[in-house]
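Protein chains in written order, with my numbering: chain C, 7 to 325; chain F, -10 to 213.
Every residue, glycine too, gets a C-beta built ideally from N, C-alpha and C.
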């Protein structure tokens, strides 16, 4: 066993070639750090999972927000205003109201739907034809459906105020209201996501710092010897910086992986609900660039956490 | 190379480890420091290595006043000094070769050159054949010699040694002294802390005798 180990090391030594560049030295340190991670698999994987879950929480909120944004984009183009007309208004009067509305610059189109037509459409789409036919009178009002020429909330509100003053109109309904609410919800989620990200990243600094502190404690004797023969703090810190960097990269990658699993599970169970709405909507994952930036965030946090901790604790180890 | 003037060291608990030490070691000079344990030998070496700070007086090493040495300068100061420690201070998870390589690795030495120097240093202490072995598999004397190889591999201008022959039999001790003399002859200054009086007597070098942190005797060459 020992012989094998020795032979391996011998091999390594002879491979450390003729023209070693700083890059190769860094590669060697990075490999050493990776080996140390593998040598303590349990504590390493625990640290990695903690980093992954911490990064995942705010990232999921940002992901949710992206999905909301895409829904909003899709529906913003179909903002509609429905004018429900008073029951006393006749069909020809209703048609006239609708035609008059077209002169308003803020209105792109206006379609009159008579009470009879509304009932026909409803009985077709709902499948409640028999029930509706048995009613003695038509419960549905006549309506004018308007597509505004603008998406601007202020202009739409002004338009709806104008529409309310028309005497034939019973009440109006803004279809864009729920879009506004969704948009406000999306802003809120974004703010919560940012706050959570700030909290989580602060926490990660402590977690990584503590992990680095422990491994510095474990290598105390080695650090003392290196200091005695003239090793600088940066020389001693380098392997620990690589450890932090590796933790961060692996944590970020695991977070991306977990996100994919969550996506698959959610899309599976959402499918039924979505079919009820006759939509082909699908939750979207982080995508390549967001996944990459999650891994890069992990790497930066890992490296910086290790940087802050290693200089502090290495300074405290004296021969 | 080492200039010591009215040097004193008082530890935090008020104990005086060294008081009024004055001596000078020039280029290519070798001196012994003797005294019972606790006489201040180790403290003296620690001060020269900038592990401890002097409480008073001047300590000038390689032209650097250690009172004015900043934290950042300490590693570079230590690189110019080869130190042989009483407890070897070898890294147990590295081979003999890698242990001796350490000072060169730290100062970013070109690898091929470094390998040659490591082999030369190991050859000098007679351990070339054991370069692939881990220190735990070596005897105390061999570990001590690895420590010596590591101390000289950087070709320092000063070598400090704390009981370098403590674990060695008389033959090996004489060998180690021969290695030291070789370095002395090429201009290295050596300060060797030792209580091996029988060995010191066979050699004709200056002996600084410490007692309770004071210099009680400074015997020059020839007047044993």
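Between residue 14 of chain F and residue -10 of chain F, the C-beta gap is smaller than 7 Å, which places the two residues in contact. Spatial neighbours of residue 179 of chain C in its own chain (CB-CB distance under 6 Å, excluding positions within 5 residues in sequence) are listed in chain order as 88. Closer than 7 Å to the CB of residue 241 of chain C there is at least one CB belonging to chain F. Where residue 29 of chain F is concerned, there is no enclosing beta strand (DSSP E), because DSSP gives it neither an H nor an E.
In this structure, residue 206 of chain F sits away from residue 139 of chain F, with a CB-CB distance that is not shorter than 7 Å. Taking residue 186 of chain C as the centre and dropping the five residues before and after it, the same chain places the C-beta of 159 closer than 7 Å to its C-beta, in chain order. Cβ-Cβ separation between residue 197 of chain F and residue 177 of chain F: approximately 18 Å, too far for a contact (criterion under 8 Å). Among the residues facing chain C, residue 78 of chain F is included, as its CB has a counterpart in that chain under 7 Å away. For residue 325 of chain C, the nearest beta carbon of chain F is closer than 7 Å to its own beta carbon.
A check of alpha carbon separations from residue 163 of chain F across F/174, F/190, F/144 identifies F/190 as the nearest. Under the three-state reduction of DSSP output, residue 204 of chain F falls in the strand class. Secondary structure of residue 33 of chain C (DSSP, three-state): helix. Among the residues facing chain C, residue 36 of chain F is not included, as its CB has no counterpart in that chain under 7 Å away. Counting C-beta pairs with one atom in each stretch, the stretch -6 to 11 of chain F and the stretch 32 to 47 of chain F have three or more that are closer than 8 Å, which means they touch. The beta-bridge partner set that DSSP reports for residue 154 of chain C consists of C/113. Of the other Cβ atoms in all chains shown, fewer than 16 fall within 10 Å of the Cβ of residue 52 of chain C; this residue is therefore exposed. Against chain F, a Cβ distance below 8 Å from residue 232 of chain C picks out 91, 95.
Here the alpha carbon of residue 91 of chain F sits roughly 36 Å from the alpha carbon of residue 203 of chain F. Non-local C-beta neighbours of residue 317 of chain C in its own chain, meaning closer than 7 Å and more than five positions away in sequence, comprise 239, 243, ordered along the chain. In this structure, residue 174 of chain C lies near residue 95 of chain C, with their beta-carbon atoms less than 7 Å apart.
DSSP, read as helix, strand or coil, puts residue -6 of chain F in strand. In this structure, the beta-carbon distance from residue 248 of chain C to residue 35 of chain C falls below 7 Å.
Taking 7 Å as the Cβ-Cβ cut-off, the stretch 190 to 222 of chain C has no residue approaching chain F.
Within the stretch 135 to 168 of chain F, the residues whose Cβ lies closer than 9 Å to any Cβ of chain C are, in chain order, 139, 140, 143.
Residue 237 of chain C is not a Cβ neighbour of residue 308 of chain C, given a cutoff of 7 Å. Minimum Cα-Cα distance from residue 154 of chain F among the listed residues F/26, F/-5, F/142, F/132 corresponds to F/132. Residue 47 of chain F is bridged by DSSP to F/-6. For residue 57 of chain F, the number of other beta carbons within 10 angstroms of its own is below 16, and it is reported as exposed. Classified as buried, residue 232 of chain C has 16 or more neighbouring CB atoms from the shown chains inside 10 Å of its CB.
Under a criterion of Cβ atoms nearer than 9 Å, the residues of chain C adjacent to residue 65 of chain F are, in order, 236, 238. According to the DSSP secondary-structure assignment, residue 246 of chain C is paired through a beta bridge with no residue. The beta carbon of residue -9 of chain F does not come within 7 Å of any beta carbon belonging to chain C, so the residue lies off that interface. In chain order, 315, 319 place their CB closer than 7 Å to the CB of residue 219 of chain C, counting only its own chain and leaving out the 5 sequence neighbours on each side. The three-state secondary structure of residue 234 of chain C, taken from DSSP, is helix. Contact of residue 108 of chain F with chain C is not assigned, every C-beta pair being separated by 7 Å or more. Look at residue 184 of chain F here: in three-state DSSP terms it is coil, with no helix or strand label.
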